[in-house]
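Working notes for the structure below.
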Amino acid sequence: MKRIGIVGAGHVGLVTGACFAKIGHWVICADNDEEKIRKLKNLEMPFYEPKLEEIVKEGVKNKRLFFTTSIKELTEKSEVIFIAVGTPSTSDGRADLSYVENVTVEIAEALRELKKKKKSIYRLIVEKSTVPVLTGEWVKKTLNLLTPTGVDFDIAANPEFLREGSAVDDFMKPDRIVIGVENEKSKKIFEEIYAPIKAPIIFTDIKSAELIKHASNSFLALKISYINAISQICEKVGADVEKVAEGMGYDKRIGKEFLKAGVGYGGSCFPKDVSAFIHLAKEIGYSFNLLKEVEKINKEQRKLIVKKARQFLWNLKGKRIGILGLSFKPNTDDIRESPALDIIKILKGEKAEIKCYDPKAMENTKKIFPELEYCENPYKVAEKSDLLIFLTEWEEFKKLDFKKIKELMRMPYIIDGRNFLDAEKIIKMGFYYTGVGKYPIKK
Ligand code: UDX
Ligand code: UDX
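Heads up, the working numbering is the position in the sequence shown plus 7, with the first residue counted as 1.
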């Protein structure tokens, strides 16, 4: 059992902490958001993530999972400290590392205090958040400058690969664990930490580990933009992008995953990581044009949905448009960089009347667009609507009674931004339906 501290109890930090407790470690999670910590102490989840509540409750009950607002307390009590605070984008698209820096400084200050009480101190400080390559060097430099002599520490990088909606499973059954270390001592600690998890562990240096994260996320974003570019070609020639993707995916060298065409990628990682990687490359003298194109295609996919709406409805002014799905993907209430937000913004700009529904993400969306009409179910959205746009592939949308929906709508238009509905059935019912890269709108 290791004594582990996690700074930042967000999507990544809280899942990581609860999972470490689940596999037998003693864990303390710190966050500077007092309300979040108060909720967690009361066993209320600050966001929705499947399976999380169960393991948080279990960890707390078994006295293996604790919460605090104090980095000082966390530094005192844990041997290994993971930094999992946000690394958002700055206005020009760089990674904002100020939270990582602040936390590093606070840990150093806590170590200084601790040194007054204890003779020998060792801490392993680990980057968990997605950070640009060379961040580890800054963390080390900062700690070197601010910790007193006699405090022994190592730094390491252990990037997360947790998808929202399946984060707990991704932690417990990962494809691989990537760890960047500087010496054998740190390596041994990680071997002990991850012993219960059956997965290949890739040990490397810190810079390579940092790069693996950015390179992986950018590559996945590239795969999505690639298939979205192919989807545009499919629409123009009347081919079916899903069949094209399926045919490509059977080639093991390509693989089936992340070849779903749609409204483009969103979320707290891909958009920010691609952008940060482009900026980092520029700073070190490389112009990453390939990734610039990935970003461009992703933005265009969102506009394409509005173009389709115009093709169906002619003018959007005054039209009643129903949006089904607000989160950036299913099984989460997260709307960060969600395609729905951009699409709603454009539709609002064209003076369309917008009604919407999402099983989990309405509260978060209300904070950004309080003026929209939020409905209690998809049927209320359909009532007197001229067009329904599906933007998130929630399971419950697949099971809708489309016969009833058709009766409720004023005009029977459907845009399936994720190609997930039973198109044949819907078209047979008399809807005008279009997907992305299949079923183009007939002129
Ligand atoms: C974040 C990063 O954005 C991502 O790049 C990384 O891979 C993992 O961490 P996420 O966990 O989704 O992703 O962010 P979020 O849910 O916003 O959680 C960050 C937490 O850190 C918040 O709870 C916030 O209150 C906390 N925080 C932030 C601190 O405790 N201290 C700070 O100084 C800043
Ligand atoms: C991502 C990484 O996958 C994960 O390893 C970690 O680094 C955090 O960031 P996450 O953002 O939670 O996870 O979701 P993910 O499932 O990767 O989807 C990201 C976006 O891409 C979503 O908007 C999704 O709808 C979109 N997507 C995904 C597609 O448009 N097509 C696909 O084929 C797959």
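Here a beta-carbon is modelled for each residue, glycine too, at the ideal position from N, C-alpha and C.
Practice problem: In the DSSP assignment, find the unbroken alpha helix (DSSP H) run with F404 in it and report its ends. | Solution: 402-405
Quiz item: If you measure from the CB of T137, is any heavy atom of ligand 1 nearer than 8 Å?
Solution: yes
Practice problem: Using the beta-carbon of each residue, find all residues closer than 5 Å to any heavy atom of ligand 2 and list them in chain order. | Solution: F168, R170, E171, I231, F265, K267, G269, Y272, G273, G274, C276, F335, K336
Exercise. In angstroms with no decimal places, state the Cα-to-Cα distance between N426 and G269.
Key: 7 Å
Quiz item: If you draw a straight line from the C-alpha of K214 to the C-alpha of K124, how long is it?
Solution: 34 Å
Quiz item: Cβ-heavy atom distance between V92 and ligand 1 below 8 Å?
Solution: With a cutoff of 8 Å, V92 counts as near ligand 1, since its C-beta is closer than that to a heavy atom of the ligand.
Exercise. Please classify A163: does DSSP put it in a helix, a strand, or coil?
Key: strand
Quiz prompt | R130 versus F74: straight-line alpha-carbon distance, rounded | solution = 19 Å
Quiz item: Any idea what DSSP makes of K220, helix, strand or coil?
Solution: helix
Quiz item: Which ranges would you report for the beta strand (DSSP E) in the segment 56-129 if only whole runs of at least 3 residues count?
Solution: 72-75, 87-90
Quiz item: Given that a residue counts as buried once 16 or more other Cβ atoms are within 10 Å of its Cβ, and exposed if not, what is R309?
Solution: buried
Quiz prompt | Exposure label - R101; buried when at least 16 CB within 10 Å | solution = buried
Quiz item: Is it a yes or a no for the segment 158-169 touching the segment 177-192, going by three-plus beta-carbon pairs under 8 Å?
Solution: yes
Practice problem: Check whether the Cβ of H18 sits closer than 8 Å to any heavy atom of ligand 1, and report yes or no. | Solution: yes
Practice problem: Taking Y386 as the reference, give the member of R417, G256, V146 with the closest Cα. | Solution: R417
Exercise. Return yes when the C-beta of F54 is under 8 Å from any heavy atom of ligand 1, and no when it is not.
Key: Result yes, Cβ under 8 Å from ligand 1.
Practice problem: State the CB to CB distance for the pair V22 and A174, rounded to an integer number of angstroms; the pair is presumed to be in contact (CB under 8 Å). | Solution: 4 Å
Self-check item: Beta carbon of S165 nearer than 9 Å to that of F284
Solution: The sequence shown places Asn at residue 165, not Ser. Going by C-beta atoms, N165 is not nearer than 9 Å to F284.
Exercise. Work out the CA separation of G20 and I44 for me, nearest whole Å.
Key: 13 Å
Self-check item: For S223, the nearest candidate out of E242, P203, D182, F27 (CA to CA)
Solution: D182
Quiz item: In chain order, what residues of the same chain lie with their CB nearer than 6 Å to the CB of T211, ignoring the 5 residues before and after it?
Solution: If you ignore the 5 residues before and after T211, its C-beta comes within less than 6 Å of the C-beta of G187, all in its own chain and listed in chain order.
Quiz item: Straight-line CA distance for V248 to K195?
Solution: 47 Å
Quiz item: Taking the Cβ atom as the reference point for each residue, do I114 and I62 lie within a distance shorter than 9 Å?
Solution: Note that the C-beta distance between I114 and I62 is not below 9 Å.
Practice problem: Would you mind sorting G292 into buried or exposed? The rule is 16 or more other CB atoms within 10 Å of its CB. | Solution: exposed
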